[in-house]
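Everything in the sequence shown is counted per our numbering, starting at 6 for the first residue and increasing by one.
Read the structure below first, then the notes.
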Amino acid sequence: MLRTWAIWLFSKPRLAWLALAVLALLLAIALHRPTTEQRIRFVAGAFQLLGIVTVALDIRQKRKDFGLPGLIDAFSKWLSQSPLSRNSGGVSAPLRGLTMNAEGGHFALKGCPANASTEDRIRALEGNVVGLDQEIRGAVETIRHETTAREVAIREERVARESEDTKIREKLAVSQTGGLHLSAVGILWLAVGTVLGTISQELAQRLR
């Protein structure tokens with residue numbers, strides 16, 4: 006029971022506790038007597054630096070979650086696309102040959118000589134019918150196997166796509182809501198640093 010309360014109170018809102026701890030520590034340093042304007046300005050600069058770094062880390066994490074390159078990688082890519090780094094020669098693209106495989110049926114119609122008897126003609130006709138029937142059955146079986154394989158592939162692709170869509174929605178939710186906690190901490194520190202830097206002289210005079 007005590008562990009559950011501890012997790013609820015300290016583990017889940019640990020980012021808020023960290024923000025408040027840093028805020029209290031730096032304010033205690035800034036307002037420690039004898040209070041000086043130089044120390045208040047130093048603490049204000051520390052708050053502003055922490056705020057900027059925190060927001061930058063949040064942006065970096067969001068880009069990483071969506072598979073986007075970091076700012077350094079994006080800058081390097083931009084430099085590599087400059088006119089000076091491009092090759093002056095033409096662009097060569099390999100041409101891939103197009104191969105086609107076709108399998109025809111192995112059955113061939115059997116004919117009869119011109120002077121064949123009626124029984125020979127009927128026998129040849131029956132053989133042709135049997136051969137065509139086997140060929141059609143084989144083609145139908147092949148089509149059935151291919152259709153089943155395609156249905157399985159489509160089903161697997163749909164499951165994979167739904168799973169990927171779920172991951173993207175979760176990332177969007179974290180980016181729009183969960184990631185705001187880190188940004189809020191950075192904005193809080195930046196705001197406190199800005200206020201301290203603005204009223205440092207008046208605050209130092211009042212607390213002396």
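Note that beta-carbon positions come from the ideal geometry of N, C-alpha and C, so glycine has one too.
Among the options, the one whose alpha carbon lies nearest that of residue i
i, options, result
"residue 28", "18, 56, 121 and 116", "56"
"residue 196", "39, 31, 25 and 49", "49"
"residue 54", "158, 31, 144 and 174", "31"
"residue 205", "34, 7, 160 and 43", "43"
Straight-line Cα distance separating residue j from residue i
i, j, result
"residue 45", "residue 194", "14 Å"
"residue 23", "residue 61", "18 Å"
"residue 201", "residue 9", "38 Å"
"residue 128", "residue 118", "13 Å"
"residue 52", "residue 165", "45 Å"
"residue 38", "residue 187", "32 Å"
"residue 124", "residue 152", "42 Å"
"residue 126", "residue 132", "10 Å"
"residue 69", "residue 146", "49 Å"
"residue 207", "residue 19", "34 Å"
"residue 4", "residue 211", "With the chain running from 6 to 213 in the structure shown, residue 4 is simply not present."
"residue 137", "residue 148", "16 Å"
Residue j beta carbon less than 8 Å from that of residue i
i, j, result
"residue 41", "residue 189", "no"
"residue 198", "residue 59", "no"
"residue 74", "residue 82", "yes"
8 Å Cβ cutoff, residue i in contact with chain D
i, result
"residue 38", "Reference to chain D is not applicable here, since this structure consists of a single protein chain."
Any alpha helix (DSSP H) of 4 or more consecutive residues that is wholly inside the stretch 132-211: Correct list: 185-203.
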